[in-house]
Structures are given as structure tokens and as C-alpha cells.
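Trainee: Dumping the structure here so I can ask a few things about it.
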Amino acid sequence: PIFHFNSKSTLDGIKSENLPIGLFGDFYSHELGTTCLDRNKLSNSIPMAISSLTNLKRLYLFNNTLSGSIPAAASALKKLRELIVRDNHDLSGPIPSVLTSLTALTKLRITNTNLSKPYPERIGLCCINNDSSDYDLCD
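Following this line, the structure appears as C-alpha cells:
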């Protein structure tokens, strides 16, 4: 299943700690494959509860106003293939080293964030693209 809220949704401007995790965390946690929460003006940090979505393959959080860091709890998303957090200018701190254990990850978008360097050369199946600071499937 796909959980998708875009800029025309009722989540516009909600603080991330108030996300309806129970709406999809409990009901869908064993089935949900894609969560799209892009362009919602979400603020504050990425909620730790996102780690309960154990079958999540794609997580799109781009173009919000998220702050803080990528939680180390995201390392629980072992099936995650794509993590897109670009265009969250207040997202900061290092990329958690535990994310290197996401062996299914093929795409990580971090452009236009304030995540601190140096970035790991590899995360999952991805290699850093030094031109864009994004990660793509390694050759």
C-alpha cells in the first residue's frame, strides 16, 4: 500500500511530532511500502516512530521544513530502497553511521539540507555523487 499526502492534503503545516503515525503505523506497519509526505510544510524532527514501518521501501519527506537530524532509528527500515529528504534546509547533523546497514538502499537524496560533512562514501548499495551530494546505486 501507499500512504500519500502532498501539498493539497490536510497535513499541510502540521508539526512532524503530530503526524498521524497511528493512522499508518499500527494499521499498515506490516504492509506499507511507500510513504509520501513531501511538500507538506512539515516542521520539527523526523519522528522516531517512523522506524515501526518495517516493510517501508520508499520514504519521501522532501521539500518540507524538517529540522534536527536523520534519526538513527531509521536503521530499522531494513527494506528501505529510497530515502528522499532533500530541500529541508534545517535538517542538520551527521548522517547516522548506522544507516550504512541499510543494505537495500539504492537512492538517498540529501541536497539542500545542512547535513554535516564528511559524508560516508557508501550507504547501503549507494555511493556518494560528489557533484550533487546525493547517493545513487553504485556502478
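Here the working numbering is used: position 28 in the sequence shown is 153, and no number is missing along the way.
Just so it is clear, CB atoms sit at the ideal spot from N, CA and C, and this is done for glycine as well.
Can you have a look at D163 and say buried or exposed, based on whether 16 or more other CB atoms are within 10 angstroms of its CB?
Mentor: buried
Trainee: Look at the Cβ atom of L227, then the Cβ atom of L186, and state whether they are nearer than 8 Å.
Mentor: no
Trainee: Since A174 and L205 are thought to touch, with beta carbons under 8 Å apart, how far apart are those beta carbons, to the nearest angstrom?
Mentor: In fact, because the Cβ distance is near 15 Å, the residues do not count as touching under 8 Å.
Trainee: My guess is that N189 and N165 are in contact by the Cβ rule of under 8 Å, so how many angstroms apart are they, rounded?
Mentor: 6 Å
Trainee: Could you pull the DSSP bridge partners for D261 from this structure?
Mentor: Answer is K232 and C252, bridged to D261.
Trainee: Considering Cα atoms alone, identify which of G193, S168 and T160 is closest to S176.
Mentor: T160
Trainee: Quick one: is D212 buried, meaning 16 or more other Cβ sit within 10 Å of its Cβ, or exposed?
Mentor: With 16 or more other CB atoms across the displayed protein chains lying within 10 angstroms of its CB, D212 is buried.
Trainee: Name the DSSP bridge partner or partners of D215?
Mentor: S192
Trainee: Assuming contact is defined by CB atoms lying nearer than 8 Å, are I215 and S192 in contact in what I supplied?
Mentor: Just to set this straight, residue 215 is Asp in the shown sequence, not Ile. For D215 and S192, yes; Cβs fall inside 8 Å.
Trainee: Between the Cα of V223 and the Cα atoms of A199, K232 and L208, which residue gives the shortest distance?
Mentor: A199
Trainee: So is G249 buried or exposed if we call it buried at 16+ other beta carbons inside 10 Å?
Mentor: buried
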